[in-house]
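Asker: Please see the structure below; I have some questions.
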Amino acid sequence: MTKTPKSIALGGAIRQARQAHGETLRDFAGRMGVDPAMMSRWETGARSPQPENVARMLTALGVTGERYKGLMTLAYGTGQDQWVATSLPEQQQQMFAFVSCEQQATRLVEFSPLLIPGLLQTTDYTRAIMSAPGVPPAEIEDRVRLRADRKEVILRPHPAHLTAIIGEGALYQGIGGAAVTEGQLRYLLAIGRRANVELRIVPHGTGWHPGLEGPFHLIEGVNLITSVFVETRRSTLWLHKEADVRAYKQAVELILRHALSPGDSMRFVAHQVRRMETRRDLPDHVAQGHP
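Numbers 1 to 291, taken from UniProt numbering, label the letters of the sequence shown in order.
Here it is in structure tokens:
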């Protein structure tokens with residue numbers, strides 16, 4: 001069976017509950033009368049247990065209340081090809097599935113019109129984002145570390161291929177200040193030289209394209225259903241219906257028609273770095289008015 005975002009999220013929740021209960025996979029499988037290999041497939045999302053089996057496992061692990069209800073809703077919906085999350089618990093489940101799918105991917109496409117994609121962010125850039133109002137100070141470093149850990153998928157010995165399609169505006173946001181921005185752009189140039197990272201800049205003024213509708217992630221992998229992940233301010237959305245995925249793949253093709261080539265994209269970023277160097281070397285009163 002091909003893994004889906006919901007099957008991965010459900011399996012991960014069962015594994016977390018088992019570990020919190022202090023049981024090994026083999027011991028818990030024996031208690032449930034299930035073959036350990038099947039229990040392993042359930043926990044990795046390779047197979048989806050029937051809802052009645054999920055209910056038995058959750059009860060045996062002492063899961064109750066809203067947590068129980070939420071996971072049972074997930075269990076009944078593993079066959080659905082759309083998953084909208086509006087509550088915090090659902091969004092946390094989706095984020096677990098997103099990180100898991102990302103780490104199992106062989107090909108990733110990320111379109112990000114206004115921010116540097118997460119997999120390409122420096123820790124300083126990420127920290128500047130996470131330090132925005134509304135993020136509890138105690139969570140900032142954990143979030144920075146989580147995002148940094150996600151980079152493994154493009155840095156490991158057999159990495160996924162990443163096509164990072166970035167709007168020109170993302171280069172000019174000034175997140176974290178001039179020094180952080182310059183460091184971020186230099187990092188883009190460094191990581192963009194990797195054979196598995198394709199950097200594509202979409203310049204201003206190229207006319208309408210589907211990317212103007214907002215950012216998205218396209219994730220593909222062996223034994224992993226091809227899916228699309230979309231984030232908004234108040235909700236997140238997974239899509240893996242064939243027609244939906246096809247529409248986003250077509251959107252990628254259309255956006256890339258407006259993008260610079262990989263070589264020109266690298267030169268574009270390098271030019272912006274040189275502009276920042278020039279501004280940095282000018283006297284403050286001149287640099288502030290420098291275009």
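Ideal Cβ placement from N, Cα and C applies to all residues, glycine included.
Could you check whether the Cβ of V144 sits closer than 8 Å to any Cβ belonging to chain D?
Answerer: In the structure shown, chain D cannot be found, because there is only a single protein chain.
Asker: Alpha carbon to alpha carbon, how far is V54 from A75?
Answerer: Here residue 54 corresponds to residue number 54 of the sequence shown, with the count starting at 1. Here residue 75 corresponds to residue number 75 of the sequence shown, with the count starting at 1. Using only the alpha carbons, I get a separation of about 7 Å.
Asker: So, are the CB atoms of I116 and M130 less than 8 Å apart?
Answerer: The residue given as residue 116 occupies position 116 in the sequence shown. The residue given as residue 130 occupies position 130 in the sequence shown. No, Cβ-Cβ distance for I116 and M130 is not below 8 Å.
Asker: What whole-angstrom Cβ distance do A128 and V180 have, given they're in contact under 8 Å?
Answerer: In the sequence shown, the residue the question calls residue 128 occupies position 128. In the sequence shown, the residue the question calls residue 180 occupies position 180. Correct: roughly 6 Å between the Cβ atoms.
Asker: Could you have a look at E220 and say whether DSSP puts it in helix, strand or coil?
Answerer: Sequence index remark: in the sequence shown, residue 220 carries index 220 (1-based). It is a strand residue.
Asker: So the candidates are G205, A190, H204; which of them puts its Cα closest to the Cα of E198?
Answerer: Stepping through the sequence shown from its first residue, residue 198 is reached at position 198. Nearest option by C-alpha distance: A190.
Asker: In terms of residues, what are the limits of the alpha helix (DSSP H) holding G176?
Answerer: Mapped onto the sequence shown, residue 176 falls at position 176. Per DSSP, G176 belongs to no alpha helix (DSSP H) and is neither H nor E.
Asker: Please confirm whether A164 and R200 have their CB atoms less than 8 Å apart.
Answerer: The count along the sequence shown starts at 1 and reaches residue 164 at position 164. The count along the sequence shown starts at 1 and reaches residue 200 at position 200. Going by C-beta atoms, A164 is nearer than 8 Å to R200.
Asker: My output table needs one value for W42: the three-state DSSP class, helix, strand or coil.
Answerer: By 1-based counting over the sequence shown, the position of residue 42 is 42. The answer is helix: DSSP assigns W42 an H, G or I state.
Asker: Could you tell me whether the segment 39-57 touches the segment 13-27, using the rule of 3 or more Cβ pairs below 8 Å?
Answerer: Touching, yes, given that three or more Cβ pairs across the two stretches are closer than 8 Å.
Asker: Can you tell me which of D35, D149, H204, T2 puts its alpha carbon nearest to the alpha carbon of A126?
Answerer: Start at 1 with the first residue of the sequence shown, and residue 126 comes out as number 126. Sequence check: residue 126 is Thr here, not Ala. Nearest of D35, D149, H204, T2 to T126, Cα basis: D149.
Asker: Taking K241 and Q82 to be in contact with their CB atoms under 8 Å, please state how far apart those CB atoms are, rounded to whole angstroms.
Answerer: As a position in the sequence shown, residue 241 is number 241, starting the count at 1. As a position in the sequence shown, residue 82 is number 82, starting the count at 1. About 6 Å separates the two Cβ atoms, so the contact holds.
Asker: Going by Cα to Cα distance, which pick from R275, A9, A259 is closest to T78?
Answerer: What you label residue 78 is simply residue 78 of the sequence shown in a count that begins at 1. Nearest option by C-alpha distance: A9.
Asker: Using beta-carbon positions only, say whether V230 and L237 come within less than 8 Å of one another.
Answerer: As a working note, residue 230 is residue 230 in the sequence shown. As a working note, residue 237 is residue 237 in the sequence shown. Yes, the pair counts as a contact, with Cβ atoms nearer than the cut-off.
Asker: According to DSSP, simplified to helix, strand and coil, what is L260?
Answerer: Stepping through the sequence shown from its first residue, residue 260 is reached at position 260. If DSSP states are grouped into helix, strand and coil, L260 belongs with coil.
Asker: D124 to L260, Cα distance in whole Å?
Answerer: If you number the sequence shown from 1, residue 124 lands on position 124. If you number the sequence shown from 1, residue 260 lands on position 260. Between D124 and L260, the C-alpha separation is close to 27 Å.
Asker: Output the distance between the C-alpha atoms of D284 and E277, rounded to the nearest integer angstrom.
Answerer: Here the question's residue 284 lines up with position 284 in the sequence shown. Here the question's residue 277 lines up with position 277 in the sequence shown. Unreliable positioning characterises D284 in this predicted model, as indicated by a pLDDT of 48, which lies under 50. A coordinate reading is not provided.
Asker: Taking only three categories from DSSP, how would you classify T123?
Answerer: By one-based count along the sequence shown, residue 123 stands at place 123. It is helical.
Asker: Where do the ends of the beta strand (DSSP E) carrying V99 lie?
Answerer: Taking the first residue of the sequence shown as 1, we reach residue 99 at position 99. Per DSSP, V99 belongs to no beta strand (DSSP E); it is in the alpha helix (DSSP H), 88-104.
Asker: When you compare only the Cα positions, how much space is there between L155 and V135?
Answerer: Sequence index remark: in the sequence shown, residue 155 carries index 155 (1-based). Sequence index remark: in the sequence shown, residue 135 carries index 135 (1-based). If I take the Cα positions, the gap works out to 28 Å.
Asker: If the criterion is Cβ atoms closer than 8 Å, does the pair L146 and V269 meet it?
Answerer: As a first step, residue 146 must be located in the sequence shown, where it is residue number 146. As a first step, residue 269 must be located in the sequence shown, where it is residue number 269. In this structure, V269 does not lie closer than 8 Å to L146 by Cβ.
Asker: Between F216, G183, L218, E213, which lies nearest to V273 when the distance is taken from Cα to Cα?
Answerer: The residue you call residue 273 lines up with position 273 of the sequence shown. Comparing Cα positions, the closest option is G183.
Asker: Specify the secondary structure class of A138 as computed by DSSP and reduced to three states.
Answerer: The count along the sequence shown starts at 1 and reaches residue 138 at position 138. The answer is helix: DSSP assigns A138 an H, G or I state.
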